[in-house]
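Below is one structure, written out as structure tokens; the observations come after it.
Chains as they are written, first to last, in my numbering: chain A, 6 to 82; chain B, 738 to 920.
As structure tokens, then:
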């Protein structure tokens, strides 16, 4: 599973990386990422997730070939 | 305007039926300085008695610290798509003749425009309401982020939408504009 992160998450992870674990949904993905870097936990708890240019919710079934974009709270404008 | 070299034109700004209409196309994101005057000059329509322009500009201070500039990052494909949807909803809801939004990515210096929203409608109340609706939703929902670059050499990603702390849902937001105006 490919992971892309943006903005403040780049303080904790590379902007793009790959995970080999079997990850079924965004809750599991968040837990895996917190294991990698616990300091990212508070920010990860506020992030949205997207696959194929659309937001997904926690019920979305992730696949190993997905590219998941992790989206911190917006701060545009 | 100066088109972005990084993002293709993605937002049809005004769907104007009939002859004499003006169709303006801009990218929702631009890596180049926003041409505020140029965008405004193209945003006129014979049926519009009101044109409202909002320009969000870079301040020289944040939380008491001197700011040199901001750096904006976006998840481009989704930001373009979402801004297009927001504009389409606003056009429909307020029967706008023109709805334009363009947001900067990359480094923006103090005093430069970071985001422009232009709305045009028959009367001013619709143009004002729609304009505020559009900028509110862009600020809360579009995957765009700012990093403050301070005069002391530090930088900080910040001023994130914090609505989830009240709504309990990262997908639900509280807008500054009249909540009854939200669809």
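Cβ coordinates follow ideal geometry from the N, Cα and C atoms, glycine included.
Using a Cβ-Cβ cut-off of 8 Å, residue 79 (chain A) counts as an interface residue toward chain B, since at least one Cβ of chain B sits closer than that to its own. Within a 10 Å sphere around the beta-carbon of residue 41 (chain A) sit fewer than 16 other beta-carbons, which makes this residue exposed. Here DSSP, grouped into helix, strand and coil, assigns residue 799 (chain B) to strand. Boundaries of the beta strand (DSSP E) harbouring residue 53 (chain A): 53-56, taken from the DSSP string.
In chain order, 792, 850 and 853 place their CB closer than 7 Å to the CB of residue 773 (chain B), counting only its own chain and leaving out the 5 sequence neighbours on each side. Taking each of B:856, B:764 and B:822 in turn and checking the Cα distance to residue 836 (chain B), the smallest one comes out for B:856. Under the 8 Å Cβ criterion, the stretch 812-822 of chain B counts as touching the stretch 40-59 of chain A, having at least three qualifying pairs.
When C-beta atoms of the stretch 856-874 of chain B are compared with those of the stretch 778-791 of chain B, three or more pairs fall below 8 Å, so the two segments count as touching. For the stretch 815-886 of chain B, the full-length alpha helix (DSSP H) segments reaching 4 residues or more read 861-878 along the chain. Residue 762 (chain B) is outside the set of residues whose beta carbon lies under 8 Å from a beta carbon in chain A. Residue contact with chain B for residue 29 (chain A): absent (no Cβ-Cβ distance below 8 Å to any residue of chain B). In the DSSP assignment, residue 46 (chain A) falls within the alpha helix (DSSP H) that extends over 46-49.
Close CB contacts of residue 61 (chain A) within its chain, under the 6 Å cut and outside five residues either way in sequence, are with 54 (chain order). Under the DSSP definition of a beta bridge, residue 766 (chain B) partners with B:840.
Assigned with DSSP and collapsed to three states, residue 905 (chain B) falls in coil, not helix or strand.
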